[in-house]
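Numbering (this note's numbering), first residue to last: 2 to 268. Working notes for the structure below.
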């Protein structure tokens, strides 16, 4: 495997047959690198084709520009096969991109407004947790709103359980207990989520969206942006359901994420 240009007959392009990672890199050092590579390998194994070699991947962050950047890795099954039938001996293709990056610092400090989405995620345990290339549900959900004051949209599965945001994981504190949705049926298990679960007592739960309205604090997060505290939650029509004032409760978990990603702590 090596860096490549994507041809038109690539199965990742034709069928979403592949996986990807977006990694925060600071001066050539990747953050949460082992977790990203473990998920990438797990995804390739689950889809049934070889993952790139570790030494090949380990060389990539060092090619990033100075400062803060994003390393995007895409691994597809490659070309070949007949229709949906995959080739018996796949030759996976690795695509690499380095992009400059700056986090949305105002959202750390001031918090964000979010809304529920009407779209429901399909339930498929076989690919649950993976960052696979089939992201059409997320595209459709993100197109439900155009208001720049709304930072993210929250998604439920087809049984009505709250799962995630369009590109972030979800955390809340309710009755003093930290919780996050269980992701064994659908959704992306983020690397920042994994790191916070390893450090803090955070219960993985099945919950309906109404539970969020009972929370003392609500956050969205991923391995690029860290955690954003939520100050307002709307329904899918843009009507406010509940508001929060950012306080010490928000900052405690948020600063754990800041430290894990090398960002400054927040007062």
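We treat Cβ as the ideally placed atom computed from N, Cα and C, and that holds for glycine.
Applying the criterion that 16 or more other CB atoms from any shown protein chain within 10 Å of the CB defines a buried residue, is residue i buried or exposed?
| i | result |
| --- | --- |
| residue 234 | buried |
| residue 176 | exposed |
| residue 22 | buried |
| residue 35 | exposed |
| residue 269 | In the structure displayed, the chain extends from 2 to 268; residue 269 sits before or after that span and is not available. |
| residue 107 | exposed |
| residue 112 | buried |
| residue 258 | buried |
| residue 265 | exposed |
| residue 251 | buried |
| residue 159 | exposed |
In this structure, how does DSSP classify residue i when only helix, strand and coil are distinguished?
| i | result |
| --- | --- |
| residue 133 | strand |
| residue 67 | coil |
| residue 210 | helix |
| residue 139 | helix |
| residue 106 | helix |
| residue 31 | strand |
| residue 92 | coil |
| residue 98 | strand |
| residue 145 | coil |
| residue 18 | coil |
| residue 168 | coil |
| residue 6 | coil |
| residue 119 | strand |
| residue 262 | coil |
| residue 267 | coil |
| residue 199 | helix |
| residue 204 | strand |
For my contact list, residue i and residue j are in at a C-beta cut-off of 8 angstroms; report their separation, rounded to the angstrom.
| i | j | result |
| --- | --- | --- |
| residue 210 | residue 218 | About 16 angstroms separates the two Cβ atoms, so there is no contact after all. |
| residue 129 | residue 186 | 5 angstroms |
| residue 97 | residue 69 | Contact flag wrong, Cβ pair sits at about 18 angstroms. |
| residue 191 | residue 170 | 4 angstroms |
| residue 165 | residue 183 | In fact, because the Cβ distance is near 11 angstroms, the residues do not count as touching under 8 angstroms. |
| residue 227 | residue 104 | 7 angstroms |
| residue 220 | residue 255 | 7 angstroms |
| residue 26 | residue 86 | No, residue 26 and residue 86 are not in contact; Cβ-Cβ is about 37 angstroms, not under 8 angstroms. |
| residue 193 | residue 33 | 7 angstroms |
Going by DSSP, which residues form a beta bridge with residue i?
| i | result |
| --- | --- |
| residue 174 | 179, 218 |
| residue 51 | Answer by DSSP bridge pairing: none, since residue 51 is not bridged. |
| residue 186 | According to DSSP, residue 186 bridges with nothing at all. |
| residue 228 | 222 |
| residue 257 | For residue 257, which the question treats as bridged, DSSP gives no partner whatsoever. |
| residue 23 | 73 |
| residue 163 | 157 |
| residue 235 | 116, 241 |
| residue 57 | DSSP output for residue 57 lists no bridge partner at all. |
| residue 247 | Answer by DSSP bridge pairing: none, since residue 247 is not bridged. |
I want to see whether chain B comes within less than 8 angstroms of residue i, judged by CB atoms only; does it?
| i | result |
| --- | --- |
| residue 209 | The chain inventory of the structure shown lacks chain B, comprising one protein chain alone. |
Any chance the CB of residue i is under 7 angstroms from a heavy atom of the ligand MN?
| i | result |
| --- | --- |
| residue 64 | Although the ligand MN was asked about, the structure shown includes no ligands whatsoever. |
Within the chosen definition, does the stretch 144-152 reach the stretch 195-202 through at least 3 CB pairs nearer than 8 angstroms? no
Are at least three pairs of beta-carbons, each pair with one atom in the stretch 33-48 and one in the stretch 114-122, less than 8 angstroms apart? no
Three-pair Cβ contact test at 8 angstroms for the stretch 133-144 versus the stretch 82-101: no
Is the stretch 22-40 in contact with the stretch 88-95, if contact means three or more CB pairs nearer than 8 angstroms? Counting Cβ pairs under 8 angstroms, fewer than three are found: no touch.
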